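Asker:
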Amino acid sequence: MNMLVISTQNPSIGGELAKRFNEGGPFFMSLILISLLLSIFFLIKAALRLNKDGATFKKMISLVSDMSLLGLVLGILASIMGMIEAFDTLEGTGDISKMGGGLKVTFLTMLFGTFTFIISRIGIVILKGLQKSS
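Heads up: the sequence shown is residues 816 to 949, going by my numbering.
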């Protein structure tokens, strides 16, 4: 099974982010990234409809909210699955020193999911604050 692998050759910030992305597991990290990108897309569509079309604005804000929650839940799900794998490794080897790396990896997905949630929620708050009351 081929997995998405992002190059980690560049020692820059982008290289470090790519490294963390791969450590978190490309499958779940990609799903969370898609939910972040969709949230940003819906935020932009809502901003374009700000004070013009109230129904479309509300629909876009609702979609941003749904995508932010999806990113958060995917991050938590991936973390739980990673922790189960880490405990399976501990149970199989009995060596607790190998568990630290596994736990670090499990929290990367939760961190990215939480980041997705927070960015989306900040966007919602800003747009609702800019919206003129009708």
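Beta carbons: idealized from backbone N, C-alpha and C, even for Gly.
All figures in this text were calculated on a predicted structure; none of them were measured in a lab.
Could you spell out the range, first to last residue, of the alpha helix (DSSP H) harbouring Asp-868?
Answerer: For the purposes of this step, residue 868 is taken as residue 53 along the sequence shown, with counting starting at 1. No alpha helix (DSSP H) holds Asp-868; DSSP gives it neither H nor E.
Asker: Keeping to the same chain, check which residues put their C-beta closer than 6 Å to that of Gly-944; ignore five residues upstream and five downstream.
Answerer: Looking up residue 944 in the sequence shown gives position 129. So the list is empty, once near-sequence residues are dropped.
Asker: Is Gly-840 helix, strand or coil by DSSP?
Answerer: On the sequence shown, residue 840 is found 25 positions in, with the first residue counted as 1. Residue state, collapsed to three classes: coil.
Asker: Between Arg-835, Leu-878 and Leu-832, which lies nearest to Gly-938 when the distance is taken from Cα to Cα?
Answerer: Residue 938 sits at position 123 when you count from the first residue of the sequence shown. The residue with the shortest Cα to Cα distance from Gly-938 is Leu-878.
Asker: If contacts are defined as beta-carbon pairs under 8 Å, then Gly-890 and Leu-851 qualify, I think. What distance do you get, rounded to the angstrom?
Answerer: Locating residue 890 in the sequence shown gives position 75, where the first residue counts as 1. Locating residue 851 in the sequence shown gives position 36, where the first residue counts as 1. Contact flag wrong, Cβ pair sits at about 11 Å.
Asker: By Cβ distance, which residues of its chain are closer than 8 Å to Asp-868, with the 5 residues on each side in sequence left out?
Answerer: Taking the first residue of the sequence shown as 1, we reach residue 868 at position 53. Correct list: empty, nothing qualifies.
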